[in-house]
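Some notes on the structure that comes next.
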Amino acid sequence: MIRVGFLDNMQFRLALAVQVIGNMIYLVLMYFLWKAIFDSSPVDTINGMTFEDTMIYLVLASAILEFIEMWIVWGVGRDVQSGQIVVDLLRPVNYRTNMFFTCFGGTIVNLIATFIPTMIVVYFVAGRAYALSWNLLWFFISLILSILINYYINFFTATITFYTESVWGINVAREVVVGVLSGATIPLAFFPDAFRKVAEILPFQGICNSPLTLLLGDGMAPSEVISILGVQLFWVVALSVVSGLFFKVSVRRITVNGG
Amino acid sequence: MENSKRGVKFYSKIYFKIIAQDIKSKLSYRADFFLSMLGMILINVSGAVGFWLIFQRFPEINGWTYHEMIFLYGFCLVSATPAQCLFDNNWVLRYAVYSGDFIKYCFRPINVFFYYISETFDLKGIWQFLFGLIAVIYAWNKLQIPLDAVNVLLFIIQSLSASLFAVAILNASAASCFWIENSFFILSLSSKLRDFAKYPVSIFSKPLRIILTFVVPIAFLAYYPCQSLLRPDAIPVLTWLTPVFGALFFVLSYKFWMTGAKRFNGTGS
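Residue numbers (our numbering), protein chains in the order written: chain A, 879 to 1137; chain B, 6 to 274.
The following block contains the structure:
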């Protein structure tokens, strides 16, 4: 099933090229924006982050959000509207597991095709942007957890479409919340303190902020690494249980028009 | 197209008939109506929250203050409304083209572009408009811009001109689907770029500024038109040219769209 997802995504090479060019333009614009912001600031470092740190953080954060996107909400929403979902539910494979692995294939393609090249480019462009040591290992472990967190948030949102039969609003709400609270739009370090403390408890920061903190923080104490990964793991488990229960309840009352 | 000579009266009559059907069908899905409203408001709020967060740590951006930025942002939302409400069907143009359903629009004795676009009225755009207007009024008040007839008239003319650019960008990027597959990425790229319209273009380097002014004219979505209200002492020439350029870009995007539509006819798929 991973292979199917893989092949599915490989078809769109032109799309990938457009995406890469588009991202580059986007990054250049982002560069100038933050440069202007930092140039207008009386100090060079804000909450421990210089302009270079901020750029590395934001580039990698948007790269993570990009490669992690699974389009599940749209997929499930479409299946609910068309009635296709009934066929999938009747299959002798678990619906959630099936969906996860299909999506996981696509995510792995994106990881190899877009994210890792981005990471390598960032490393050289920014002049040894991050250390090449244990932090890489923690980063990839954390990244897998963030894929899982993101998947469960997506799946939870997709389940809501069983009730609403509409996709746009609910999916956009998810995108906005994840975009802001994961730190992808503005690094969490720039948030006002009270706001940041709240954001740090929520699961969304586990998508971008946790892996990036582990990647960029050189020589972190083992206890810190464990606490960051621990919080992520807690949310993986919690979200898995919650979204699983929600799905079970929702499937019973699914209504399909003329399916 | 001998029928494209028909008058404005004829077209506006048809337009309201088609739109009324679309609004009726949309209002019958209550949940969708409210969730779309929620989504739209959340997008707009998150944009404002972004500024608020940045300005907690930084006093200004390149000489632009918090309230000026809120003004630009609100103006952007207002000027994006016509594109959002009236030209929203562009977002699904590629589906109609790939599936071949597009042929149905070619068989009617009215302008293809008109017929296709008139099919949808996007209700959620109204919330964007309201939010933008509130942001503009709030910033207008804080910046103490004199509230006289001239300024209000300027605001109306400039936001209408700016909206022509938003429509032109949307038309052109949607019409790319007549030539290439998977044109969604072009649409999503152009909407990503449009996100930068809320920042002053003066922060970008010169080559970028030229691109953002003449190639992908997002600088006209807020920056240039707003200068006439925010910086009345030093108004660039381009600010006064906004209406002219807007009309020009709109016509060009329309021609591009129609060329694509004719191409579709030709292949007869």
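We treat Cβ as the ideally placed atom computed from N, Cα and C, and that holds for glycine.
Note that the coordinates shown come from a computational prediction; the quantities given were computed from them, not determined experimentally.
Exposure of residue i, with buried meaning 16 or more beta-carbon neighbours within 10 Å
i, result
"Lys203(B)", "buried"
"Asn95(B)", "buried"
"Arg236(B)", "exposed"
"Met74(B)", "buried"
"Met997(A)", "buried"
"Phe916(A)", "buried"
"Gly1108(A)", "exposed"
"Ala53(B)", "buried"
"Asp1096(A)", "exposed"
"Asp106(B)", "exposed"
"Ser210(B)", "exposed"
"Asp1071(A)", "exposed"
"Tyr100(B)", "exposed"
"Ala914(A)", "buried"
"Pro87(B)", "buried"
"Phe201(B)", "buried"
"Val1115(A)", "exposed"
"Arg1052(A)", "buried"
Nearest-angstrom Cβ-Cβ length linking residue i and residue j, presumed shorter than 8 Å
i, j, result
"Leu993(A)", "Ala941(A)", "Reading off the sequence shown, one finds Phe at residue 993(A), where the question assumed Leu. Right, their Cβ atoms sit about 5 Å apart."
"Met902(A)", "Leu936(A)", "14 Å between Cβ atoms; not a contact."
"Ala171(B)", "Ser84(B)", "6 Å"
"Leu213(B)", "Phe910(A)", "7 Å"
"Ile28(B)", "Phe126(B)", "6 Å"
"Leu217(B)", "Val206(B)", "6 Å"
"Ser51(B)", "Val1054(A)", "5 Å"
"Ala991(A)", "Leu894(A)", "6 Å"
6 Å CB neighbourhood of residue i in its chain, flanking five on each side removed
i, result
"Ile208(B)", "Asn67"
"Trp1016(A)", "Leu1092 and Val1103"
"Thr244(B)", "Tyr229, Gln232 and Ser233"
"Pro1089(A)", "Phe1017, Ser1020, Leu1021 and Ser1024"
"Tyr1008(A)", "Leu1093 and Leu1094"
"Leu943(A)", "Ala1062"
"Met6(B)", "In this predicted model, Met6(B) has a pLDDT of only 41, less than 50, meaning its place in the structure is not dependable enough to derive any value."
"Ser1118(A)", "Tyr1030"
"Leu967(A)", "Tyr973"
"Ala266(B)", "Val117"
Contact check, residue i vs residue j, beta carbons under 8 Å
i, j, result
"Ile934(A)", "Leu1092(A)", "no"
"Arg199(B)", "Leu226(B)", "yes"
"Gln89(B)", "Gly130(B)", "yes"
"Ile1027(A)", "Pro1081(A)", "yes"
"Gly251(B)", "Ser166(B)", "yes"
"Asn1032(A)", "Met948(A)", "yes"
"Val1050(A)", "Ile46(B)", "no"
"Ser1101(A)", "Phe1034(A)", "no"
"Val1129(A)", "Ala1036(A)", "no"
"Leu58(B)", "Ile1064(A)", "yes"
"Tyr71(B)", "Phe60(B)", "yes"
"Val102(B)", "Phe183(B)", "yes"
"Gly955(A)", "Val1045(A)", "yes"
"Leu40(B)", "Gly984(A)", "no"
"Phe134(B)", "Ser919(A)", "no"
"Leu945(A)", "Asn988(A)", "It should be pointed out that residue 945(A) corresponds to Phe in this sequence rather than to Leu. Result yes, Cβ atoms of Phe945(A) and Asn988(A) sit closer than 8 Å."
heavy atom of the ligand MN below 7 Å from residue i C-beta
i, result
"Ile191(B)", "Judged by which ligands are present, the structure shown has none, so any question about the ligand MN falls away."
Close Cβ partners of residue i (< 7 Å) along its chain, the five nearest in sequence each way excluded
i, result
"Phe978(A)", "Tyr1029"
"Gln959(A)", "Glu1043"
"Ile191(B)", "Ser178 and Ser181"
"Met42(B)", "Lys129 and Trp132"
"Tyr120(B)", "Tyr110 and Arg113"
"Ser274(B)", "Note that Ser274(B) has pLDDT 45, beneath the 50 cutoff, so the model's placement of it is unreliable and the number below is only indicative. So the qualifying residues of the chain are Gly105."
"Tyr259(B)", "Phe118 and Asn176"
"Phe1124(A)", "Phe1034 and Thr1037"
"Ala1067(A)", "Asn925, Gly926 and Met927"
"Lys31(B)", "Phe38 and Leu128"
Close Cβ partners of residue i (< 8 Å) along its chain, the five nearest in sequence each way excluded
i, result
"Phe76(B)", "Ala140, Val141, Ala144, Trp145, Leu148, Cys231, Leu234 and Leu235"
"Phe15(B)", "none"
"Val1056(A)", "Leu943, Asn1028, Ile1031, Ala1062, Phe1082 and Ile1085"
"Leu159(B)", "Ser233 and Leu234"
"Phe56(B)", "Tyr71, Met74, Ile75 and Tyr78"
"Phe261(B)", "Asn176, Ala177 and Ala180"
"Val221(B)", "Ile174, Ser195 and Leu198"
Name the residues in the region 918–951 of chain A whose C-beta lies less than 9 Å from a C-beta of chain B; which are they?
Ser918, Ser919, Pro920, Ile924 and Asn925
Beta carbons nearer than 8 Å to chain B: which residues of the region 1037–1057 of chain A have them?
Tyr1041, Thr1042, Glu1043, Ser1044, Trp1046, Gly1047, Ile1048, Asn1049, Val1050, Ala1051, Val1054, Val1055 and Gly1057
Select from the region 1011–1030 of chain A all residues with a C-beta closer than 7 Å to any C-beta belonging to chain B, and list them in chain order.
none
Within 7 Å of chain B by C-beta, residues of the region 1063–1074 of chain A in sequence order
Thr1063, Ile1064, Phe1068, Phe1069 and Pro1070
What residues in the region 32–48 of chain B bring their beta carbon closer than 9 Å to a beta carbon of chain A?
Tyr34, Ala36, Asp37, Phe38, Phe39, Leu40, Ser41, Met42, Leu43, Gly44, Met45, Leu47 and Ile48
What are the residues in the region 48–62 of chain B lying within 7 Å of chain A by C-beta distance?
Ile48, Ser51, Val54, Gly55, Leu58, Ile59, Gln61 and Arg62
Between the region 98–131 of chain B and chain A, which residues of the former have CB atoms less than 7 Å from a CB of the latter, in chain order?
none
Output needed in chain order: residues of the region 974–996 of chain A with a Cβ under 7 Å from some Cβ in chain B.
none
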